[in-house]
Amino acid sequence: MHPDQQREFAEFVASRSDSLIRLAYVLTNDQHAAEDLLQTALMKTAGHWRKIRGNPEAYVRRVMYHEQVGRWRSPRWGRERVVQALPEQAIADRTGEVETRLTLQQALRTLPVRKRAVLVLRYYEDLSESEVAKIMGCSVGTVRSQTHQAVVRLRELVGEPITLEA
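Sequence positions in the sequence shown follow my numbering and run 321 to 486.
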């Protein structure tokens, strides 16, 4: 990579890492897996940096999305992991906001991959329908229908009104 390109890439990583790690965490639901996912996406992006034009963040997001979908499809995903010590017992937080967030998070996990991804990209990352369509490699109409179907399903699972803001 040319020194100017290295500098541009380093500046991009420094300025956008916080946003990208949040997306990675939402996609993986695990801090270590999120860090691995972001690192993999940035490595793949660095290899193509001279070809990337326009919005490199959209490219990284797309790489992360496709990489995570590949991990979900892997037969090893979801298997139990051996750890040295059992985790501590969690103490339930009794505030309504936290309970609602946990319920919504659990309901999100039950959604199919594409529906979950479209909600994360639209409402958590606050991307437009066209940006989501580019990342997911589909039409804007598909993003709209997937969003609608996902919200309807979440409302069924949660059993109370859900307010998502774009």
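Just so it is clear, CB atoms sit at the ideal spot from N, CA and C, and this is done for glycine as well.
Enclosing alpha helix (DSSP H) for residue i [first to last residue]
i: Leu-406; result: Taken as a continuous stretch (DSSP letters only), Leu-406 belongs to no alpha helix (DSSP H), as it is neither H nor E.
i: Trp-392; result: 376-393
Which of helix, strand or coil DSSP assigns to residue i
i: Pro-432; result: coil
i: Glu-445; result: coil
i: Ser-459; result: coil
i: Asp-350; result: coil
i: Ser-322; result: A quick correction: the sequence has His, not Ser, at residue 322. Three-state DSSP puts His-322 in coil, outside helix and strand.
i: His-368; result: coil
i: Arg-373; result: coil
Contacts around residue i, its chain only, beta-carbon distance under 7 Å, and the 5 residues preceding and following it disregarded
i: Ala-378; result: Glu-451, Lys-454 and Ile-455
i: Glu-387; result: Leu-357, Thr-360 and Ala-361
i: Val-478; result: Thr-423, Leu-424 and Ala-427
i: Arg-336; result: Glu-377
i: Val-346; result: Val-440 and Tyr-444
Contact set for residue i: own chain, Cβ-Cβ below 8 Å, skip 5 residues either direction
i: Glu-500; result: For residue 500 there is no data in the structure shown, the boundaries of the chain being 321 and 486.
i: Arg-429; result: Asn-349 and Arg-436
i: His-322; result: Arg-370
Under 8 Å between C-beta atoms of residue i and residue j
i: Arg-442; j: Thr-467; result: yes
i: Leu-439; j: Ala-470; result: yes
i: Val-333; j: Lys-364; result: no
i: Arg-393; j: Leu-431; result: no
i: Gln-325; j: Arg-370; result: yes
i: Val-460; j: Glu-449; result: yes
i: Phe-329; j: Ala-366; result: yes
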